[in-house]
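Peer 1:
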Amino acid sequence: MLLIIILSGDIEINPGPKTANVFPCGLCERPVTRSREGVCCDCCSIWHHRSCIELCTTDYELLQRSNVQWMCCKCDSLNVSSFTYHAYEIENQKYSLITTNHSGMTGTLGGGVFILVHNSMIGTEQPQFITKCEIEWVKLKRKTAQDLIIGSFYMPHRNKAQLEELEKSLEKNHRGEQK
Numbered sequence: 001m002l003l004i005i006i007l008s009g010d011i012e013i014n015p016g017p018k019t020a021n022v023f024p025c026g027l028c029e030r031p032v033t034r035s036r037e038g039v040c041c042d043c044c045s046i047w048h049h050r051s052c053i054e055l056c057t058t059d060y061e062l063l064q065r066s067n068v069q070w071m072c073c074k075c076d077s078l079n080v081s082s083f084t085y086h087a088y089e090i091e092n093q094k095y096s097l098i099t100t101n102h103s104g105m106t107g108t109l110g111g112g113v114f115i116l117v118h119n120s121m122i123g124t125e126q127p128q129f130i131t132k133c134e135i136e137w138v139k140l141k142r143k144t145a146q147d148l149i150i151g152s153f154y155m156p157h158r159n160k161a162q163l164e165e166l167e168k169s170l171e172k173n174h175r176g177e178q179k
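Spelled out as structure tokens, the structure:
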């Protein structure tokens, strides 16, 4: 009976997907194909184009011929997405809290970032450098040296739009410092 069913052509001997697997890049979201070099994160199994993660030829070849584990930047960094801090929990008599509320900003998850400045230093927020991403800039006045501008940037999900906003912010900062 089984032989008759198989010979009738109604049953696929080796059923499986009709189309090739598609692995979208974790950064640009375009498919990682055989024609473009890519690596897969050993932790989350998400593929990334070699060009998107700026992986040099030497490191790419090392990954191909060894047992070296590779993790994407999301898996390799501290997971702070589950952390929630309220301003009253962070405030300290020795530090000033500088933060921007990003809750109404589109393209972010809200909450934003902060910078703590020790009270022995003078820190002023630099809102002219802030763009449409979760970012904060502070200028530290130093007695014996040139002023120092520090920034804090948070990108919970790596995507090109957030990187472009970071780049805009860095360009604003660079242009502002040249004046």
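Numbered by the UniProt record's numbering, the letters in the sequence shown go through residues 1 to 179 in order. Just so you know, even glycine gets a beta-carbon here, dropped at the ideal spot from N, CA and C. Here the structure is a predicted model, which means the values were calculated and not measured.
(1) Does the distance from the C-beta atom of Gln-128 to that of Lys-139 stay below 8 Å?
(2) To the nearest angstrom, how far is the alpha carbon of Ile-135 from that of Glu-167?
(3) Output needed for Glu-165: all residues of its chain with C-beta closer than 8 Å, excluding positions within five of it in sequence on either side, in chain order.
(4) What number of angstroms, rounded off, separates the C-alpha of His-48 from the C-alpha of Pro-156?
(5) Given a threshold of 16 other Cβ atoms within 10 Å of its Cβ, counted over all protein chains shown, does Leu-27 qualify as buried or as exposed?
(6) Thinking C-alpha only, which one of Arg-65, Gln-162, Asp-42 and Arg-50 is nearest Cys-25?
(7) Val-32 to Lys-172, Cα distance in whole Å?
(8) Tell me, which residues are paired with Lys-141 by DSSP?
(9) How close, in whole Å, do the beta carbons of Gly-123 and Ser-152 come, if the pair is a contact with beta carbons under 8 Å?
(10) So, under 8 Å CB-CB, Tyr-154 and Val-113 are touching, yes? Tell me the CB distance rounded to an integer number of Å.
(11) Evaluate Val-39 with the Cβ neighbour count: other Cβ atoms within 10 Å of its Cβ, from every protein chain shown; 16 or more gives buried, anything less gives exposed.
(12) Using three-state DSSP, classify Ser-169 as helix, strand or coil.
(13) Skipping 5 residues on each side, what residues in its chain have a beta carbon closer than 8 Å to that of Val-68?
Peer 2: Let me spell this out:
(1) Looking up residue 128 in the sequence shown gives position 128. Looking up residue 139 in the sequence shown gives position 139. Going by C-beta atoms, Gln-128 is not nearer than 8 Å to Lys-139.
(2) If you number the sequence shown from 1, residue 135 lands on position 135. If you number the sequence shown from 1, residue 167 lands on position 167. If you take the alpha carbons of Ile-135 and Glu-167, they lie about 11 Å apart.
(3) Taking the sequence shown and counting its residues from 1, one reaches residue 165 at position 165. Excluding positions up to five away in sequence, the list reads Gly-107, Thr-131, Lys-132, Cys-133 and Ile-135.
(4) Residue mapping note: residue 48 aligns to position 48 of the sequence shown, counting from 1. Residue mapping note: residue 156 aligns to position 156 of the sequence shown, counting from 1. Looking at the two C-alpha atoms, the distance is approximately 17 Å.
(5) As a working mapping, residue 27 is identified with position 27 in the sequence shown. Under this definition Leu-27 is a buried residue.
(6) Position 25 of the sequence shown, counted from the start, is the residue given in the question as residue 25. For the residues Arg-65, Gln-162, Asp-42 and Arg-50, the minimum Cα distance to Cys-25 belongs to Arg-50.
(7) By one-based count along the sequence shown, residue 32 stands at place 32. By one-based count along the sequence shown, residue 172 stands at place 172. Val-32 and Lys-172: Cα-Cα distance of roughly 34 Å.
(8) Taking the sequence shown and counting its residues from 1, the one referred to as residue 141 is at position 141. Looking at the DSSP assignment, Lys-141 forms a beta bridge with Ile-122.
(9) Taking the sequence shown and counting its residues from 1, the one referred to as residue 123 is at position 123. Taking the sequence shown and counting its residues from 1, the one referred to as residue 152 is at position 152. Contact doesn't hold; Cβ gap of about 12 Å is too wide.
(10) Within the sequence shown, residue 154 is the residue found at index 154, counting from 1. Within the sequence shown, residue 113 is the residue found at index 113, counting from 1. 5 Å between Cβ atoms; contact.
(11) Sequence index remark: in the sequence shown, residue 39 carries index 39 (1-based). Flag for Val-39 reads buried.
(12) Taking the first residue of the sequence shown as position 1, residue 169 is located at position 169. Reduced to three states, the DSSP call for Ser-169 is helix.
(13) Residue 68 sits at position 68 when you count from the first residue of the sequence shown. Within the same chain, Val-68 has close Cβ partners Leu-62.
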